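For reference, the structure is listed below as structure tokens.
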Amino acid sequence: MNILLEFFVVTFRVLWAFVLAAAKWLVRPKEKSVAGQVCLITGAGSGLGRLFALEFARRRALLVLWDINTQSNEETAGMVQHIYREMAEEAAAAAPGVAGVGEKDVLPHCNLQVYTYTCDVGKRENVYLTAERVRKEVGEVSVLVNNAGVVSGHHLLECPDELIERTMMVNCHAHFWTTKAFLPKMLEMNHGHIVTVASSLGLFSTAGVEDYCASKFGAVGFHESLSHELKAAEKDGIKTTLVCPYLVDTGMFRGCRIRKEIEPFLPPLKPEYCVKQAMRAILTDQPMICTPRLMYMVTFMKSILPFEAVVCMYRFLGADKCMYPFIAQRKQATNNNEAKNGI
0 MNILLEFFVV
10 TFRVLWAFVL
20 AAAKWLVRPK
30 EKSVAGQVCL
40 ITGAGSGLGR
50 LFALEFARRR
60 ALLVLWDINT
70 QSNEETAGMV
80 QHIYREMAEE
90 AAAAAPGVAG
100 VGEKDVLPHC
110 NLQVYTYTCD
120 VGKRENVYLT
130 AERVRKEVGE
140 VSVLVNNAGV
150 VSGHHLLECP
160 DELIERTMMV
170 NCHAHFWTTK
180 AFLPKMLEMN
190 HGHIVTVASS
200 LGLFSTAGVE
210 DYCASKFGAV
220 GFHESLSHEL
230 KAAEKDGIKT
240 TLVCPYLVDT
250 GMFRGCRIRK
260 EIEPFLPPLK
270 PEYCVKQAMR
280 AILTDQPMIC
290 TPRLMYMVTF
300 MKSILPFEAV
310 VCMYRFLGAD
320 KCMYPFIAQR
330 KQATNNNEAK
340 NGI
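Per numbering that gives the first Met the number 0, the sequence shown starts with residue 0, numbered consecutively.
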């Protein structure tokens with residue numbers, strides 16, 4: 000094709016992409032069904048991972064929960080089972096009085112199960128061995144939610160190398176291992192969905208959490224490259240969604256504060272709200288979701304403004320040292336634990 004003609008075709012497609020994106024803002028797309036599909040969630044024992052598990056359970060997905068903490072993971076499984084039982088009871092109660100609803104309509108609810116596995120996603124061999132168990136005991140994974148995350152809570156020069164490595168392994172490298180474990184079957188079937196739960200700190204950074212920011216930037220880069228690879232391979236049946244929330248009130252960054260005059264307008268996100276927004280994006284095959292939407296603007300401005308201008312904005316918002324109170328609390332807690340243990 001003549002390059003000039005191809006240029007006009009590409010221009011039209013780019014403009015059409017803008018039109019489609021605008022239409023999705025005006026008309027909410029229909030959510031797809033994940034009923035009966037195997038959904039694996041890492042870091043399911045608490046925080047966003049637990050809430051993702053409950054949301055997928057309400058949509059009748061078959062849950063596979065991974066977490067390093069066996070007890071908390073089993074607690075999440077108990078909550079999921081409670082949701083399954085409630086749905087089964089509702090379906091059974093509705094069946095006698097609703098025309099066309101019979102035993103086979105109730106069975107899918109009854110057959111839903113939740114499987115728990117204790118897995119340290121920061122250890123490659125542990126991931127591969129656990130993934131093999133999942134394939135044998137449950138089946139092939141259709142929805143992979145890479146959610147597990149850790150934070151060290153130390154300034155760079157005070158952070159032990161082992162904690163830096165741990166942060167990179169869990170927050171970034173684990174995405175490689177889980178994806179390599181489950182993507183081949185998705186490619187074979189041309190069906191699946193890979194969700195990367197990153198952070199706004201994977202799009203722009205702040206002081207004091209260099210290891211965390213680097214790990215989340217890495218996760219974002221991995222996700223974007225993977226998305227392009229799937230497009231290049233023309234595997235349009237495999238969807239990807241990148242989730243980049245602002246500070247979420249899960250306790251992970253307890254003590255983090257921006258400027259007090261600004262905080263009422265940009266408070267920490269409620270975990271339930273964050274997950275509901277992310278679920279809407281996942282179920283409508285939205286490639287990326289930033290919560291709140293202001294994060295899109297911040298990312299855009301960071302890309303076009305001079306660095307010194309960004310620094311001025313950070314200082315005005317109190318974002319330049321927002322992590323310092325959190326790090327101080329972590330340090331105090333560590334000192335208290337050492338004193339208690341007589342170290």
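For glycine and all other residues, C-beta sits at the position ideal for the given N, C-alpha and C. Please read all numbers here as calculations on a predicted model, not as lab measurements.
Item to check | V8 burial status per 10 Å Cβ neighbour count (16 or more: buried) | outcome: exposed
Checklist entry - Going by beta carbon distance, what residues of the same chain come within less than 8 Å of C255, once the five residues before and after it are set aside? => result L246, P267, C321, M322, P324, F325
Checklist entry - I think G207 touches H154, with their Cβ atoms under 8 Å apart; what is that distance to the nearest whole Å? => result 6 Å
Next on the checklist: One question on the structure: do G35 and A60 come within less than 9 Å of each other, judged by their Cβ atoms?
Outcome noted: yes
Next on the checklist: Starting from L47, trace the alpha helix (DSSP H) in both directions and tell me its first and last residue.
Outcome noted: 46-57
Item to check | DSSP bridge partner residues for W65 (one or two, in chain order) | outcome: T41, Y116
Checklist entry - When the Cα atoms are used, what is the spatial distance from C237 to M188? => result Before going on, a small fix: residue 237 reads as Ile here, not Cys. When rounded, the distance between both Cα atoms is 9 Å.
Item to check | Residue range of the unbroken beta strand (DSSP E) whose run includes M287 | outcome: 287-290
Checklist entry - Is the beta carbon of K184 sitting closer than 9 Å to the one on V140? => result yes
Next on the checklist: Per the DSSP calculation, G138 is bridged to which residue(s)?
Outcome noted: DSSP lists no partner for G138.
Item to check | Residue closest to L39, alpha-carbon to alpha-carbon, out of G48, T240, K215 | outcome: G48
Checklist entry - Less than 9 Å separating the beta-carbons of V194 and V150? => result no
Item to check | Close-in-space but distant-in-sequence residues of the same chain around R329 (CB under 6 Å, 5 per side omitted) | outcome: G152
Checklist entry - Considering only the beta carbon of each residue, do L62 and A43 sit closer than 9 Å? => result yes
Item to check | A173 vs G201 beta-carbon contact at 9 Å | outcome: no
Next on the checklist: Could you compute how far the alpha carbon of T177 sits from the alpha carbon of R292?
Outcome noted: 29 Å
Checklist entry - Is it true that the segment 107-124 meets the segment 165-172, where meeting means three or more beta-carbon pairs spaced less than 8 Å apart? => result yes
Item to check | Distance between beta carbons of L50 and E271, contact taken as under 8 Å | outcome: 6 Å
Checklist entry - What do you reckon, are the CB atoms on T41 and A147 nearer than 9 Å? => result yes
Checklist entry - What residues in its chain sit with their C-beta under 7 Å from that of R57, if we drop five residues either side in the sequence? => result I82
Checklist entry - Any idea what DSSP makes of L111, helix, strand or coil? => result coil
Checklist entry - Looking only at C-alpha atoms, which of D235, A22, R279, T205 sits nearest to V33? => result R279
Checklist entry - Which residues in the same chain as V297 place their Cβ atom closer than 7 Å to its Cβ, once the five residues preceding and following it in sequence are excluded? => result F203
Item to check | Environment of P244 [buried if 16+ CB atoms lie within 10 Å] | outcome: buried
Checklist entry - Is it right to say Q331 is buried, meaning 16 or more other beta carbons lie within 10 angstroms of its own, or is it exposed? => result exposed
Checklist entry - Can you give the Cα-Cα distance for G191 and K29, rounded to whole angstroms? => result 18 Å
Checklist entry - To which residues of the same chain is E102 closer than 6 Å at the C-beta, ignoring the five residues directly before and after it? => result The predicted model places E102 with a pLDDT of 40, which falls under 50 and marks its position as unreliable, so this point remains unresolved.
Item to check | For A16 and D284, the rounded distance between their alpha carbons | outcome: 15 Å
Checklist entry - Going by beta carbon distance, what residues of the same chain come within less than 8 Å of H310, once the five residues before and after it are set aside? => result In the sequence as displayed, the identity of residue 310 is Val instead of His. For V310, where only same-chain residues beyond five positions count, the Cβ hits under 8 Å are D319.
Item to check | Contacting residues, own chain, Cβ-Cβ under 6 Å from A327 (five flanking each side not counted) | outcome: none
Checklist entry - When the distance is taken between beta carbons, is P286 closer than 9 Å to T240? => result yes
Checklist entry - For V120 and chain D, any beta-carbon pair shorter than 9 Å? => result The structure shown contains no chain D; it holds only a single protein chain.
Item to check | Separation of L53 from V105, as counted between CA atoms | outcome: Interpretation of V105 is limited by its pLDDT of 42, a score under 50 that renders its predicted location unreliable; the figure taken from the coordinates is listed afterwards. Each residue's alpha carbon lies about 20 Å from the other.
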